[in-house]
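Order-wise, the sequence lines are chains A and B.
Under the working numbering, residues 1 to 543 are what the first sequence spells out, in order.
Under the working numbering, residues 1 to 543 are what the second sequence spells out, in order.
2 protein chains.
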Amino acid sequence: MTAEIWDVIIVGAGLSGLSAAHLLRKRNAKLKMLILEGKDRVGGRTVTTEIPAANGVDRWDFGGQWVGSTQTHILELIKELGLETFPQFNIGKKVHHTGGPGAKVRTYRTSIPALSPLVLLDLTQLLWKIDRLCATVCVQDPWRTPNAVELDSMTLHSYIKQHAWTAELKEEMGLCSRSVFGMEPSQMSFLFFLMYAAAAGGVLPLLESTPGSAQELKIKGGTQQLSQCLAERVGWKNVRLGSAVTAIWQDAEWARVTTTTNTFLCRAVIVTCPPHLAAKIHYQPALPSQREFLTQNMPVGHMIKFIITYQTAFWKEKGFSGEIVAGSSSGCPFCVTFDATSPSGNAALVGFIAGEQASQWSSEEGGERREAVLSSLVKYLGCEAASFIHYEEKDWAKEDYSGGCPVNVMAPGLLTYYHPSLRKACGRIHWAGTETATLWCGYMSGAVQAGQRAAVEVLAELCPMALTQEEQQAVEHSLTVKDAVKQTPSSKHTYPSTTKAVVVATLAIGAVLLLAHNQNALLKVKSYLTNVFSTTTQNIFLL
Amino acid sequence: MTAEIWDVIIVGAGLSGLSAAHLLRKRNAKLKMLILEGKDRVGGRTVTTEIPAANGVDRWDFGGQWVGSTQTHILELIKELGLETFPQFNIGKKVHHTGGPGAKVRTYRTSIPALSPLVLLDLTQLLWKIDRLCATVCVQDPWRTPNAVELDSMTLHSYIKQHAWTAELKEEMGLCSRSVFGMEPSQMSFLFFLMYAAAAGGVLPLLESTPGSAQELKIKGGTQQLSQCLAERVGWKNVRLGSAVTAIWQDAEWARVTTTTNTFLCRAVIVTCPPHLAAKIHYQPALPSQREFLTQNMPVGHMIKFIITYQTAFWKEKGFSGEIVAGSSSGCPFCVTFDATSPSGNAALVGFIAGEQASQWSSEEGGERREAVLSSLVKYLGCEAASFIHYEEKDWAKEDYSGGCPVNVMAPGLLTYYHPSLRKACGRIHWAGTETATLWCGYMSGAVQAGQRAAVEVLAELCPMALTQEEQQAVEHSLTVKDAVKQTPSSKHTYPSTTKAVVVATLAIGAVLLLAHNQNALLKVKSYLTNVFSTTTQNIFLL
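Quick look at the structure:
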């Protein structure tokens with residue numbers, strides 16, 4: 001078998017791999033590069049599918065769908081590719097159900113969730129503590145964070161258990177963890193959680209759909225277009241689908257990349273697939289053991305995403321926003337839903353079954369899962385929810401060459417011992433994928449940042465003249481350190497003012513609570529709280 | 001390519017795979033079975049090597065070496081194969097160094113480590129609490145343990161932090177974790193730790209070299225002989241070395257097992273390699289996602305084992321046992337050493353660099369590591385330690401088709417959500433390896449138990465007549481549940497009496513400590529403590 005010869009081989013045709021290819025191509029059009037993808041499509045963890053809708057058919061995202069206005073890397077790409085964004089609809093009553101299946105289903109209109117004053121106070125103090133810790137995290141080198149070993153030695157669950165006062169808040173935090181990571185709080189290191197939040201500018205941006213947050217904007221026509229447009233620019237002839245890489249061998253001269261049917265020789269490789277899949281590739285010589293230990297302990301989340309199309313957005317007509325949050329004790333299979341009405345007006349809801357619940361529901365029959373979802377929607381939004389046009393779902397754990405979604409987390413004890421090998425090139429192999437990002441790690445924007453960083457590393461090796469002086473220095477001194485220092489302080493600058501308000505509010509409410517022993521006083525606290533927070537510019541409490 | 005046809009293919013020629021093969025062969029000599037092994041030798045995580053010694057050369061174990069008198073599965077095998085055991089030498093002064101590089105190096109002769117009375121009291125109460133929890137663990141189905149979710153949501157580190165009073169004990173427990181698992185306490189679920197200890201009959205049997213404990217006996221001629229003798233019995237022609245399995249495909253009729261050069265068809269497969277390596281095999285159809293999530297989050301320990309041979313066992317002449325325990329703060333690279341003098345009298349020491357320290361020292365030059373080890377030995381045992389005959393070490397993280405040692409642990413959140421897929425067959429694929437054992441999980445004995453259990457599962461499918469009625473029922477109702485119920489109570493029966501003594505001692509010492517505020521009183525406590533524990537039949541405190 002004669003091997004094809006290329007300059008660069010990129011493993012994975014998701015956003016990270018295609019962003020890397022796009023940058024390489026822009027800087028040096030002569031570089032021969034090939035992208036190998038196991039799936040029969042580009043897009044990785046983004047996929048846009050046409051399903052029946054009110055006006056015939058329409059397209060929805062069954063993978064990553066949201067971007068935010070602080071996600072500079074993805075926004076620049078969207079602009080460059082000539083795509084458009086539109087805001088997540090979030091006006092109207094939101095539904096909130098925690099505290100057991102029999103607990104009252106509450107609705108609320110402000111951005112403060114329908115929690116009792118005591119739980120809101122609890123939430124305030126917990127977020128205040130976590131944000132203070134977030135501000136100390138070194139995203140680039142998390143082991144340099146003050147008290148890193150201790151923070152990395154406990155799970156997010158242990159931190160919550162220790163610092164949240166109320167059972168309701170503990171349930172609420174489980175819900176957040178499930179919605180953001182597809183994981184239970186027991187499954188990740190608390191330092192990892194802090195690093196992840198710091199890379200997004202704080203905890204609230206992970207949870208909200210307000211400006212600057214993770215669920216702020218959607219892309220007209222769907223997010224898979226990003227990868228399709230990039231493949232177009234890079235050239236489809238350079239993308240081979242159905243070509244899963246099984247081995248990467250290196251010698252003094254070449255890297256030899258093998259699929260089940262072909263072998264390719266090249267000067268540099270960029271591996272962009274999620275860590276648990278990168279771990280399945282056979283490397284020769286073996287990778288440093290620290291790298292192996294790292295990828296052995298970065299489990300991927302589990303999410304089942306569903307889209308349900310309707311004749312009309314009946315929830316809007318009834319004054320609902322379409323947003324429902326339901327805790328694991330509610331008996332509801334999903335943790336969160338949002339309005340998903342398309343830009344052309346086709347009514348739809350989107351929702352997620354995640355974490356432990358995904359694990360349980362994944363093994364049920366599809367029909368039973370759908371019935372459970374619909375029955376909860378009827379309970380929360382009314383009987384109109386039962387009369388849908390189409391129900392479509394995607395269980396990401398069952399997707400070949402993904403095996404989970406949205407992101408790989410880190411179990412305790414990794415960041416302090418093995419993190420340095422996350423981005424460190426191994427000979428001719430460079431590492432990308434959103435898990436290696438330092439800004440919006442775990443998001444589409446992080447995928448782009450990581451792909452571009454890996455491309456710059458490769459250019460520095462193969463054709464350093466194609467880099468700016470700044471980029472050359474960045475490779476030498478690690479670009480991303482500067483990135484992190486430059487950009488994460490935005491959260492540090494933003495937070496103190498919010499933090500002060502929160503501290504004042506906490507103290508004030510605390511004082512009131514100390515005096516208050518009856519329901520009337522509690523109501524006064526709630527009213528006070530609502531006033532305090534409706535005057536702050538940021539919506540702090542939206543889950 | 002025409003595929004060879006076999007009845008059973010076993011992936012891995014370690015103790016578990018060869019024990020499975022041996023049982024299959026004994027029950028049905030007509031079964032055609034093939035064992036595929038990636039390494040160029042049998043034995044897996046056991047390997048016995050000849051090195052220069054006082055009388056020329058001699059053999060030492062560079063992998064698993066100890067067995068204990070409660071490890072019935074391995075003891076029966078040793079007897080059947082006609083091998084002999086001899087006790088671990090443990091007479092004389094033991095060295096203990098924790099509390100920082102400048103802290104006093106203490107020696108002690110009893111089985112109670114050289115800790116201050118307060119730390120000993122702390123150790124007593126912590127072990128008492130842990131053993132009480134151990135007694136509640138359901139080894140077979142850990143998620144049935146009372147409070148399982150909570151116990152599995154925290155790391156061992158978090159539990160120790162919460163329940164140990166003194167910094168010294170916290171360091172001591174880190175040392176234990178490193179010595180037993182090659183892992184830091186931050187890297188494993190507390191419920192996993194409890195399950196592991198329960199499968200061994202309690203925490204102390206993991207740590208001691210006393211009767212019934214993990215470090216009690218060694219095998220004359222080395223432990224790799226077990227696998228070599230088994231390969232002999234099974235027939236070397238049925239063992240193919242250098243044949244790493246890359247894929248297992250299943251259809252209605254066959255399992256198709258692929259190596260880089262061959263394809264084999266068979267009726268049943270037993271996969272015995274450690275979970276992180278089983279995760280690298282490509283399965284088609286894909287394994288259930290729960291199984292994938294499980295193996296993605298079972299990191300393997302890291303140990304570097306060294307043997308140093310000497311002209312004479314100078315430590316014995318000086319009254320030392322050869323046992324040294326050193327905490328991570330001591331500046332010493334290894335965590336523990338023992339006398340390793342061979343049955344034929346060749347003097348040697350064996351030691352382990354483990355966990356975080358292995359991770360740090362693994363990337364150093366071999367010469368520097370050796371110098372650091374020797375310099376610590378000189379410090380603890382005297383300048384004679386520098387005049388060695390031969391220094392030989394094995395870094396298990398760098399061993400192909402192992403990638404770590406001694407065992408894979410479970411990160412938090414796994415046991416409660418994904419554990420059921422640990423032993424559950426996937427179509428024609430059955431799972432063995434010591435990690436799947438319910439008695440002495442993680443030890444050579446567990447490897448044998450697991451291999452035999454998988455073999456019984458295969459026989460139940462291919463030739464049920466070869467099974468006893470009891471075994472047939474066991475497969476139906478899960479043999480190992482009975483095993484666990486039958487055998488773990490030995491710990492439950494043993495512990496209460498020890499526990500009572502410990503409770504009485506704790507209360508008594510507590511009372512004395514409350515009264516004592518000067519050094520004299522502390523000395524009295526220490527003397528009291530020594531008296532109390534020298535009268536108990538078990539040596540409770542030996543680390």
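Glycine is no exception: its CB is placed at the ideal position from the N, C-alpha and C atoms.
On a predicted model such as this, the values are computed, not experimentally measured, just so you know.
- With a threshold of 8 Å between beta carbons, Tyr417 (chain A) makes contact with chain B.
- Assigned with DSSP and collapsed to three states, Leu277 (chain A) falls in helix.
- In the three-state reduction of the DSSP assignment, Ser359 (chain A) falls in the helix class.
- For Asp400 (chain B), the residues of chain A that pass the 9 Å Cβ criterion are Ala286, in the order they occur in the chain.
- Under the 8 Å Cβ criterion, the segment 287-295 of chain A does not count as touching the segment 378-393 of chain A, having fewer than three qualifying pairs.
- Chain B has no Cβ within less than 8 Å of the Cβ of Asn147 (chain A).
- Within 10 angstroms of the beta-carbon of Lys237 (chain B) lie fewer than 16 other beta-carbons, which makes it exposed.
- The contact set of Met303 (chain A) on chain B, defined by CB atoms closer than 8 Å, is empty, because the minimum CB distance reaches about 11 Å.
- For Thr436 (chain B), same chain residues with a beta-carbon under 7 Å away, outside a window of 5 residues either side, are Leu422, Arg423 and Ala450 in chain order.
- In terms of CA proximity to Asp152 (chain A), A:Phe190 leads the group A:Arg233, A:Phe190 and A:Lys129.
- The beta carbon of Asn346 (chain B) sits closer than 7 Å to those of Ala53, Ala54, Asn55, Asp58 and Thr309, all from its chain and outside the five residues before and after it, given in chain order.
- Proximity of Asp40 (chain B) to chain A, defined by a Cβ-Cβ separation below 8 Å, is not satisfied.
- Each residue's CA atom was taken as its position, placing Ala425 (chain B) and Arg240 (chain A) some 35 Å apart.
- Linking Trp6 (chain A) to Gly12 (chain A) through their CA atoms gives a straight-line distance of about 16 Å.
- Between Gly17 (chain A) and Thr272 (chain A), the C-beta gap is smaller than 8 Å, which places the two residues in contact.
- When C-beta atoms of the segment 120-139 of chain A are compared with those of the segment 335-352 of chain A, fewer than three pairs fall below 8 Å, so the two segments do not count as touching.
- The Cβ atoms of Leu194 (chain A) and Leu133 (chain A) sit closer than 8 Å to each other.
- An exposed status is given to Lys26 (chain B), since fewer than 16 other beta-carbon atoms sit within 10 Å of its beta-carbon.
- Within the same chain, Asp40 come within 6 Å of Gly242 (chain B) by CB-CB distance, once the 5 residues on both sides are set aside.
- Rounded to the nearest angstrom, the Cβ distance from Ala326 (chain A) to Ser362 (chain A) is 18 Å, too far for a contact under 8 Å.
- Per the coordinates, the alpha-carbon of Leu77 (chain B) lies some 11 Å from the alpha-carbon of Leu23 (chain B).
- Exposed is the label assigned to Gly100 (chain B), since fewer than 16 other Cβ atoms lie within 10 Å of its Cβ.
- 8 Å or more divides the Cβ of Thr48 (chain A) from the Cβ of Gln187 (chain A).
- Secondary structure of Tyr283 (chain A) (DSSP, three-state): strand.
- Judged by DSSP in its simplified three-state form, Lys94 (chain B) adopts strand.
- Counting the other CB atoms within 10 Å of its CB gives Ser209 (chain B) a total of 16 or more, which places it among the buried residues.
- With fewer than 16 other CB atoms across the displayed protein chains lying within 10 angstroms of its CB, Met465 (chain B) is exposed.
- One alpha carbon belongs to Thr166 (chain A), the other to Ile389 (chain A), and they sit about 41 Å apart.
- According to DSSP, Asn408 (chain A) shares a beta bridge with A:Val300.
- At a Cβ-Cβ threshold of 8 Å, Pro420 (chain A) and Thr155 (chain A) do not count as neighbours.
- Between Phe192 (chain B) and Val407 (chain B), the C-beta gap is not smaller than 8 Å, which leaves the two residues out of contact.
- The three-state reading of DSSP puts Arg106 (chain A) in strand, counting E and B together.
- Between the segment 103-112 of chain B and the segment 363-370 of chain B there are fewer than three C-beta pairs closer than 8 Å, too few to call the two in contact.
- In this structure, Asp400 (chain A) sits away from Ile304 (chain A), with a CB-CB distance that is not shorter than 8 Å.
- Comparing alpha-carbon positions, the option among B:Gln469, B:His477, B:Val456 and B:Ala460 lying closest to Ala21 (chain B) turns out to be B:Val456.
- Between the segment 84-101 of chain A and the segment 246-255 of chain A there are fewer than three inter-stretch CB-CB distances shorter than 8 Å, so the stretches are not counted as touching.
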